[in-house]
Ligand code: GLY
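Numbering (this note's numbering), first residue to last: 642 to 932.
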């Protein structure tokens, strides 16, 4: 039995048109199909990296190419992976000028020092064969310029939400579970801000379940969403109860988040605090995509 689910953050009716929604649906359908095929001959860990690489390469999403721009005009990205076989987590925080942060996180899995941040993460990547790559797109520069123009509008600044972090959870033929998450951050954040995506609050896996999150990093970290869901499943809750219980806690802080997960029995689950998480999964030869 193999199972796989991916997400591409949130779809915002307010700021995105129907053509963007259709484009995201098509992209996720294509990527889930490719990743599902890949999973038949690869481990869960290899597959989540493969799927997230494809998501990072699609500029529709806020990860890798198409990452948001921070307040100082620069792009800083974060990504992580976690595997049930080794129970190891690796990641990069605020890395710059690489095409696929998830591949640097994968490289770090073989090191004793497995989570690197900032300029040193960037240096590590460039010294280890990752080429310099500018992930900025014209659309993201336009978004940045628009936000700059709104600078005098406090409300506009405070209500902006991260919309398109990406992630994948997979269960392979051997019963191993892995999770991967990658983000370009919130957009217009203070340089140095750390998102949830390369923490165990945003990305966690054990032999019982795996979870990847999207949404406001501060909310996800405050509730430790991915870790709590997986721990609750490890302690005997069903995956749906573990999600529901954790999202109740998120509601108490009016948190904005979504999460995808798979447990060891192959049960796929997803939940969001606000409607319109962008996700797709494939089971029993059928692709289900967000509407
Ligand atoms: N979840 C992505 C972020 O808050 O940066």
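Even glycine gets a Cβ: it sits at the ideal position worked out from N, Cα and C.
Predicted model only: the values in this text are computed from it and were never measured.
request  = Measure from the alpha carbon of residue 688 to the alpha carbon of each residue in 751, 714, 651, 747, then state which is nearest.
outcome  = 747
inquiry  = Quick check: the Cα distance between residue 912 and residue 889, rounded to an integer number of angstroms?
reply    = 11 angstroms
query = In chain order, what residues of the same chain lie with their CB nearer than 7 angstroms to the CB of residue 941, ignoring the 5 residues before and after it?
reply = Since the first residue shown for the chain is 642 and the last is 932, residue 941 is missing from the structure and cannot be characterised.
inquiry  = If you measure between the beta carbons of residue 838 and residue 844, is that distance less than 8 angstroms?
reply    = yes
message = So, at 6 angstroms on beta carbons, what are the nonlocal neighbours of residue 826 in its own chain, with the 5 sequence-adjacent residues on each side left out?
response = 709, 836
message = Could you compute how far the alpha carbon of residue 900 sits from the alpha carbon of residue 707?
response = 21 angstroms
request  = Can you tell me which of 705, 660, 772 puts its alpha carbon nearest to the alpha carbon of residue 734?
outcome  = 705
query = Ordered along the chain, which non-local residues of its own chain (more than five positions away) have a Cβ less than 6 angstroms from that of residue 772?
reply = none
ask   = On the three-state DSSP scale, how would you describe residue 925?
value = coil
message = Which residue wins for smallest C-alpha separation from residue 719, given the options 725, 728, 713, 697?
response = 697
key: Cβ-Cβ distance between residue 910 and residue 864 below 8 angstroms   = no
key: Span of the beta strand (DSSP E), counted from its first residue to its last, around residue 688   = Unbroken run through residue 688 is the alpha helix (DSSP H), 685-698; no beta strand (DSSP E).
request  = Find out if the Cβ-Cβ distance for the pair residue 651, residue 807 is shorter than 8 angstroms.
outcome  = no
request  = Output the boundary residues of the alpha helix (DSSP H) element that contains residue 646.
outcome  = Segment 644-651 is the beta strand (DSSP E) holding residue 646; no alpha helix (DSSP H) there.
inquiry  = Restricting to runs no shorter than 4 residues, where is the alpha helix (DSSP H) found entirely within the segment 710-756?
reply    = 742-749
task = Would you mind sorting residue 669 into buried or exposed? The rule is 16 or more other CB atoms within 10 Å of its CB.
result = buried
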